[in-house]
Amino acid sequence: QVQLVESGGGLVQPGGSLRLSCLASRSISTYVMGWDRQAPGKQRELVATVAHDGSTTYADSVKGRFSITRDNAKNTVYLQMNSLKPEDTAVYYCICTYGLASSWGQGTQVPVSS
Numbered sequence: 082q083v084q085l086v087e088s089g090g091g092l093v094q095p096g097g098s099l100r101l102s103c104l105a106s107r108s109i110s111t112y113v114m115g116w117d118r119q120a121p122g123k124q125r126e127l128v129a130t131v132a133h134d135g136s137t138t139y140a141d142s143v144k145g146r147f148s149i150t151r152d153n154a155k156n157t158v159y160l161q162m163n164s165l166k167p168e169d170t171a172v173y174y175c176i177c178t179y180g181l182a183s184s185w186g187q188g189t190q191v192p193v194s195s
């Protein structure tokens, strides 16, 4: 099983930016990595994914504002979040998918508020 540790969350004002990081316990070079989020009172939402070849997918709600990247040499995945909105407030979780299994991190909180 892959252990994941997120970092980089914190309070940010509307319109601001934040970069989340996810450090994996072992090589992620062949795995699909991603981020999802859980907002209070809302369903969990898959935000972005990045495949081993670098191809990416994004939820419509974050397209053009968020960017997911990976650094396989550092076993790390990043989520760059720009033009943040109050509705982006959530706990953000890193996901690693390998074969039929997936692992999640413990989550990092991102409150967007003035």
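Residue numbers (our numbering): 82 to 195. Ideal placement from N, C-alpha and C gives every residue a C-beta, glycine not left out. None of the values given here were measured: they were computed from a predicted structure.
Inter-residue Cα distance where the pair is residue i and residue j
{"i": "V191", "j": "I149", "result": "16 Å"}
{"i": "N163", "j": "V93", "result": "11 Å"}
{"i": "E168", "j": "L85", "result": "25 Å"}
{"i": "V143", "j": "L127", "result": "10 Å"}
{"i": "T137", "j": "G186", "result": "20 Å"}
{"i": "G96", "j": "G180", "result": "37 Å"}
DSSP state of residue i mapped onto helix, strand, coil
{"i": "D117", "result": "strand"}
{"i": "D141", "result": "coil"}
{"i": "D152", "result": "strand"}
Inter-residue CB distance, residue i and residue j (contact presumed, cutoff 8 Å)
{"i": "V193", "j": "L165", "result": "5 Å"}
{"i": "G115", "j": "A105", "result": "12 Å between Cβ atoms; not a contact."}
{"i": "S184", "j": "V83", "result": "5 Å"}
{"i": "A120", "j": "A171", "result": "4 Å"}
{"i": "R133", "j": "S110", "result": "Checking the displayed sequence, the identity of residue 133 turns out to be His instead of Arg. Contact holds; Cβ gap of about 6 Å."}
{"i": "T189", "j": "G90", "result": "3 Å"}
Handout entry: Meets three-Cβ-pair contact criterion under 8 Å: the stretch 91–102 and the stretch 165–180
Key = yes
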